[in-house]
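K.L.:
Numbering of the first sequence is given in the numbering used here, commencing with residue 1 and proceeding in unit increments.
Each residue gets a CB set at the ideal place from its N, CA and C atoms; glycine is no exception.
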Amino acid sequence: MLDIQFIKKNLEETIFRLKKKKEDIEPLINKVLNLDEKRISFQKKSNSIQEKINENSKKIGELFKSNNLDEVENFKIYGAKLKEELKIISEKEKKVKQELNFYCINIPNIPNSSVPNGKSEKDNLIEKTENKSFLENYNYLPHWELCQKYNLIDFKKGTEISGSGFPLYKDKGAIIQRSLINFFIDFNTKGGYEEYIPPLLVNEQSALGTGNLPDKDGQMYHVEKDNLYLIPTSEVPLTNIFRNEIINPKKLPIKITAYTPCFRREAGSYGKNVRGLNRLHQFDKVEIVQITHPDESYKQLEKMINHVEKLLIELELPYRLVKLCGGDLSFSSAITYDFEVYSIAQKKWLEVSSISNFETFQAKRCNIKFKLNNEINFCHTLNGSSLALPRILAAILENNQSDKGIQLPKALKKYTGFEVIN
RNA sequence: GGAGAGAUGGCAGAGUGGUCGAAUGCGGUGGUCUUGAAAACCAUUGUACCGAAAGGUACCGGGGGUUCGAAUCCCUCUCUCUCCGCCA
Numbered sequence: 001m002l003d004i005q006f007i008k009k010n011l012e013e014t015i016f017r018l019k020k021k022k023e024d025i026e027p028l029i030n031k032v033l034n035l036d037e038k039r040i041s042f043q044k045k046s047n048s049i050q051e052k053i054n055e056n057s058k059k060i061g062e063l064f065k066s067n068n069l070d071e072v073e074n075f076k077i078y079g080a081k082l083k084e085e086l087k088i089i090s091e092k093e094k095k096v097k098q099e100l101n102f103y104c105i106n107i108p109n110i111p112n113s114s115v116p117n118g119k120s121e122k123d124n125l126i127e128k129t130e131n132k133s134f135l136e137n138y139n140y141l142p143h144w145e146l147c148q149k150y151n152l153i154d155f156k157k158g159t160e161i162s163g164s165g166f167p168l169y170k171d172k173g174a175i176i177q178r179s180l181i182n183f184f185i186d187f188n189t190k191g192g193y194e195e196y197i198p199p200l201l202v203n204e205q206s207a208l209g210t211g212n213l214p215d216k217d218g219q220m221y222h223v224e225k226d227n228l229y230l231i232p233t234s235e236v237p238l239t240n241i242f243r244n245e246i247i248n249p250k251k252l253p254i255k256i257t258a259y260t261p262c263f264r265r266e267a268g269s270y271g272k273n274v275r276g277l278n279r280l281h282q283f284d285k286v287e288i289v290q291i292t293h294p295d296e297s298y299k300q301l302e303k304m305i306n307h308v309e310k311l312l313i314e315l316e317l318p319y320r321l322v323k324l325c326g327g328d329l330s331f332s333s334a335i336t337y338d339f340e341v342y343s344i345a346q347k348k349w350l351e352v353s354s355i356s357n358f359e360t361f362q363a364k365r366c367n368i369k370f371k372l373n374n375e376i377n378f379c380h381t382l383n384g385s386s387l388a389l390p391r392i393l394a395a396i397l398e399n400n401q402s403d404k405g406i407q408l409p410k411a412l413k414k415y416t417g418f419e420v421i422n
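1) For the beta strand (DSSP E) containing Arg320, name the first residue and the last one.
2) Within the continuous beta strand (DSSP E) that includes Leu329, where are the two ends?
3) Mapping DSSP to helix, strand and coil, what is Lys9?
4) On the criterion of 16 or more Cβ atoms from any shown chain inside 10 Å, does Asp338 qualify as buried, or is it exposed?
5) In terms of DSSP beta bridges, what is Leu168 paired with?
6) With hydrogens ignored, establish whether the beta-carbon of Ile247 is closer than 7 Å to any heavy atom of the ligand GDP.
7) Which residue from Asn124, Ile335, Leu412 puts its Cα closest to that of Ser114?
8) Can the beta-carbon of Ile89 be found less than 8 Å from the beta-carbon of Phe42?
9) Can you give the Cα-Cα distance for Leu317 and Val341, rounded to whole angstroms?
10) Run through DSSP, which three-state label would Gly384 get?
11) Sort out for me which residues DSSP pairs Cys262 with in a bridge.
12) Which residues mark the beginning and the end of the beta strand (DSSP E) in which Asn203 is found?
13) Where do the ends of the alpha helix (DSSP H) carrying Thr423 lie?
14) Give the list of continuous beta strand (DSSP E) stretches no shorter than 3 residues that lie fully inside the region 173-214.
15) Which same chain residues, not among the five before or five after Lys128, have their C-beta less than 8 Å away from its C-beta?
16) Roughly how many whole angstroms lie between the Cα atoms of Thr423 and Arg178?
17) Note down the Cα distance separating Tyr415 from Phe184, rounded to an integer number of angstroms.
18) Our contact map puts Thr292 next to Cys379 with C-beta atoms below 8 Å; I'd like the distance itself, whole angstroms only.
19) Using three-state DSSP, classify Ser354 as helix, strand or coil.
20) Quick check on Gly165: buried or exposed, where buried means 16 or more other Cβ atoms within 10 Å of its Cβ?
21) Can you check which of these residues, Glu359, Lys92, Asn374, is closest to Asn367 by C-alpha distance?
22) Which residue spans inside the region 99-144 form an unbroken beta strand (DSSP E) run of at least 3?
23) In angstroms, rounded to a whole number, what distance separates the CA positions of Asn34 and Val236?
24) Give me the Cα-Cα distance between Leu315 and Gln5, rounded to the nearest whole angstrom.
25) How would you call Gln362, buried or exposed, if buried means at least 16 neighbouring beta carbons within 10 angstroms?
26) Is it buried or exposed for Gln205, if we count other Cβ within 10 angstroms and need 16 for buried?
27) Return the chain-ordered list of same chain residues with a C-beta closer than 8 Å to the C-beta of Lys310, the five sequence neighbours on each side being excluded.
28) How would you label Leu277, buried or exposed, when you count the other beta carbons within 10 angstroms and need 16 or more for buried?
29) From what residue to what residue does the alpha helix (DSSP H) around Gly218 run?
30) Residues in its own chain within less than 6 Å of Ile421 by CB, not counting five upstream and five downstream?
31) Nearest CA to the CA of Ile175: which residue from Leu393, Asn67, Phe331, Lys95?
32) Give the range of the alpha helix (DSSP H) segment to which Gln43 is assigned.
33) So, is Asp403 buried or exposed, given that buried needs 16 or more other C-beta atoms within 10 angstroms?
34) By a C-beta neighbour count over all protein chains shown, 10 Å radius and 16 as the cutoff for buried, is Ile77 buried or exposed?
35) Mind the definition here: the region 143-158 touches the region 218-235 only if three or more C-beta pairs lie below 8 Å; say whether that holds.
36) Closer than 6 Å by C-beta to Lys255: which residues in its own chain qualify, once you throw out the five before and the five after it? Chain order, please.
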């Protein structure tokens, strides 16, 4: 959520930068400013009426004490009149506030000034590429074939049990999955992130807080009977841990991590993009989240990027770092960097991590603040995948295959107990 | 799922119709004392909105109602606790 004070003070700048993300933003902003003016004028009116009512009631109390019952009646009549007035005004005020809130929660976050212009992922900036060499004439199999060949994942059974996009991991496939989770979590906790196991279903308030609602309504699984949402990422419960808190600045930055399954409806996806592990309705992810002082957030963002990069290096995967352009940025994000790994059989870069600074956007929606010298300000929130499992697994399988089987990265051996799949 | 009890400031806990944004204790912050610390003592200590400021308004789980006036009475929702039932 953007605050209106800020928009008013920096109107041109706000519109200019928001246009990077959403070109037709101006009518929405104007609507909000307009409603806010109305809100203020109604509030002033209702406040002054309320003041009169309070005074009047006090007088009646005094009159009762001095037993001046005749006069009481007059004041009562006056009070009733005021109350009528107040009722009309405060009803209008309430309506305006509701409308204002509706429009406010639909304004996306302002992109950081360094975010490149652009409409889609084609316009993203490739910041860095770490390639690896592969055999020229080797027939690399895609991971879905490898999964079948080595009995790692049964996609068909998963479809029978639930539907497409719900893989059934088994045998070494299941062990590798569990190993990757532990490897990631251990790496994160060694990096100073405290581990959590959060709820997998969240209420509406939580989804609203991180900005998944109203924007991503329809992408989340919604349990209507209980009005709960299956988390699309652990970012939602993790960030909401601090909802409505005024944090002691000594505790900042707060660094936390969690493994959770993630659930996404992925409505409208089809074709080769959803083949195998590329896009799933249920997948595993380890997430890192930070709550920081506003002055620290960009420094911490750098650290998070380095942290995730080290994981990819340990996994010996070819990767690149991409800075998202305005048009590709998510609703809540001010700046986002993606890590992608190369998958040799598909000849594609696959997104495996998305690291974002939300600045105060989520903090305002969640009401996460800190208090320093009697001044209260909003924190910054950040998060990143470290890492999303399925595409990592796909790349590991595809890139390390040979006639002798699949050679796993050394870093995993301690977790799996084996280093070759054959 | 059934029966009952409850929800007050960071925490604990008073307050049952007016002067209550709310006693008291603990905690926090600042100070006095001390070489330093502890103890003791003194002061201070909620949030949001409007306003240049003075100040005003709202908030005692959420929403609604009664009343000139509600933390206090009524309705309703949510949550918590206790007992019973069911259950990994």
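P.N.:
On the basis of the supplied data:
1) Per DSSP, Arg320 belongs to the beta strand (DSSP E) from 319-323.
2) Unbroken run through Leu329: none, as it is neither H nor E.
3) Helix.
4) With 16 or more other Cβ atoms from the protein chains shown falling within 10 Å of its own Cβ, Asp338 counts as buried.
5) Leu168 pairs with Asp154.
6) As far as ligands go, the structure on display features none, and thus does not contain the ligand GDP.
7) Comparing Cα-Cα distances from Ser114 to each of Asn124, Ile335, Leu412, the minimum goes to Ile335.
8) Phe42 sits close to Ile89, with the two beta carbons spaced by under 8 Å.
9) Leu317 and Val341 have their C-alpha atoms roughly 7 Å apart.
10) Strand.
11) In the DSSP output, where bridge partners are listed per residue, Cys262 has Phe283.
12) Counting along the chain, the unbroken beta strand (DSSP E) around Asn203 starts and ends at 201-203.
13) Residue 423 falls outside the range modelled here, since the chain spans only 1 to 422, and no answer is possible.
14) Counting whole runs of 3 or more residues, the region 173-214 contains the beta strand (DSSP E) stretches 194-196, 201-203.
15) Counting only Cβ-Cβ distances below 8 Å, and skipping sequence neighbours, we find Arg320, Leu321.
16) Only positions 1 to 422 of the chain appear in the structure, and residue 423 is not among them; the question remains open.
17) When rounded, the distance between both Cα atoms is 11 Å.
18) The C-beta distance from Thr292 to Cys379 rounds to 6 Å, short enough to meet the 8 Å contact threshold.
19) Three-state result, Ser354: strand.
20) Buried is the call here.
21) Measuring C-alpha to C-alpha distances from Asn367 to each of Glu359, Lys92, Asn374 identifies Glu359 as the nearest.
22) As far as the region 99-144 is concerned, its whole beta strand (DSSP E) runs of at least 3 residues are 125-130.
23) Straight across, the Cα-Cα distance linking Asn34 with Val236 is about 32 Å.
24) If you draw a straight line from the Cα of Leu315 to the Cα of Gln5, it is about 47 Å long.
25) With 16 or more neighbouring CB atoms inside 10 Å of its own CB, Gln362 falls in the buried class.
26) Per the 10 Å Cβ criterion, exposed.
27) Cβ within range, chain order: Phe187.
28) Around the CB of Leu277, 16 or more other CB atoms lie within 10 Å, so the residue is classed as buried.
29) No residue range can be given for Gly218, since it is assigned to no alpha helix (DSSP H) and is classified by DSSP as neither H nor E.
30) Non-local C-beta neighbours of Ile421 in its own chain, meaning closer than 6 Å and more than five positions away in sequence, comprise Tyr150, Lys172, Gly405, Ile406, ordered along the chain.
31) The alpha carbon of Ile175 has as its nearest neighbour, out of Leu393, Asn67, Phe331, Lys95, the alpha carbon of Leu393.
32) Following the DSSP letters along the chain, one finds Gln43 inside the alpha helix (DSSP H) bounded by residues 26-65.
33) It counts as exposed.
34) By the 10 Å Cβ count, Ile77 comes out exposed.
35) With the cut-off at 8 Å, the region 143-158 and the region 218-235 do not touch.
36) Once the five neighbours on either side are set aside, the close Cβ partners of Lys255 are Gly192, Tyr193, Gln290.
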